[in-house]
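Asks:
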Amino acid sequence: MMEIKYVSTTCPYCGTGCGFNLVVRDGKVF
24 MMEIKYVSTT CPYCGTGCGF NLVVRDGKVF
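Position 24, counted from 1, in the sequence shown is what this note's numbering calls 47; the numbers after and before it change by one each time, with no gaps.
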């Protein structure tokens, strides 16, 4: 069964610290 989760995280690219949500389905990030 497909389980979809939304995980909020902080972008590591620069020092600004923008936040975004990752979509995780069956243990894979989309």
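C-beta: ideal position from N, C-alpha, C; glycine also.
The beta strand (DSSP E) spanning Thr32 covers which residue range?
Replies: If you number the sequence shown from 1, residue 32 lands on position 9. Ile27 to Thr33 is the span of the beta strand (DSSP E), which, as asked, contains Thr32.
Asks: Just to check my reading of the structure: Leu45 and Thr32 have Cβ atoms closer than 8 Å, yes? What is that Cβ distance to the nearest angstrom?
Replies: Residue numbering aside, residue 45 sits at position 22 when the sequence shown is read from its first letter. Residue numbering aside, residue 32 sits at position 9 when the sequence shown is read from its first letter. Going by Cβ atoms, the distance from Leu45 to Thr32 rounds to 6 Å, so yes, they are a contact pair.
Asks: Thinking C-alpha only, which one of Lys51, Phe53 and Val47 is nearest Lys28?
Replies: Numbered from its first residue, the sequence shown carries residue 28 at position 5. Closest by alpha carbon: Val47.
Asks: Give me, in chain order, the residues of the same chain whose beta-carbon lies closer than 6 Å to that of Phe53; leave out the 5 immediate sequence neighbours on both sides.
Replies: Locating residue 53 in the sequence shown gives position 30, where the first residue counts as 1. Answer for Phe53: Val46, listed in chain order.
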